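Numbering (full-length UniProt numbering), first residue to last: 1 to 160.
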């Protein structure tokens, strides 16, 4: 995106506003317009960057970046792979399957905490331990997560 036409419009508007003041005022406005160009260009780039960041926060599977190439700004939209939920862990084996007895030694404080947690869930300590071990082996079922982006993130390329 070439920003020059926008800057020329700003410069022309400044000159038109100064025209009724005479040739000296017009010349001062012309000089002021040229000296303000870098600042105005930077302000436009910041506005584009803020707009890209705001759009990115509203998109689920894409991001918008402003990339500088010379004196031009390019808006680039990058598609991200859609989030897929991980497979749910298989349920614990039902009664009637092969069962194995296991001896588990743990600190008394941990045992007390396990008993309280199992009681709070309304299940036996053995059922709670089977669930905990199953989740540890198969991985816990996690809700989908989406990366949040900071609205002040700046990315791009620089070439000297």
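All C-beta atoms, glycine included, are put in the ideal place defined by N, C-alpha and C.
Bear in mind that the values here come from a model prediction, so they are computed numbers and not experimental data.
Taking DSSP as the reference, what is the three-state secondary structure of residue i?
i	result
residue 50	helix
residue 63	strand
residue 98	coil
residue 131	helix
residue 69	strand
residue 32	helix
residue 3	coil
residue 103	coil
Ordered along the chain, which non-local residues of its own chain (more than five positions away) have a Cβ less than 8 Å from that of residue i?
i	result
residue 62	56, 77, 78, 79 and 80
residue 108	none
residue 110	none
Among the options, whose alpha-carbon lies nearest the alpha-carbon of residue i?
i	options	result
residue 39	98, 136, 71 and 131	71
residue 1	132, 28, 103 and 69	69
residue 10	30, 22, 21 and 122	30
residue 99	115, 127 and 107	127
residue 82	65, 101, 66 and 59	59
residue 32	43, 20 and 13	13
Are the beta-carbon atoms of residue i and residue j separated by less than 7 Å?
i	j	result
residue 48	residue 73	yes
residue 125	residue 135	no
residue 3	residue 44	yes
Sorted by chain position, which residues of the same chain lie with C-beta nearer than 7 Å to residue i's C-beta, five sequence neighbours on each side aside?
i	result
residue 7	37, 40 and 41
Keeping to the same chain, check which residues put their C-beta closer than 6 Å to that of residue i; ignore five residues upstream and five downstream.
i	result
residue 18	25, 26 and 29
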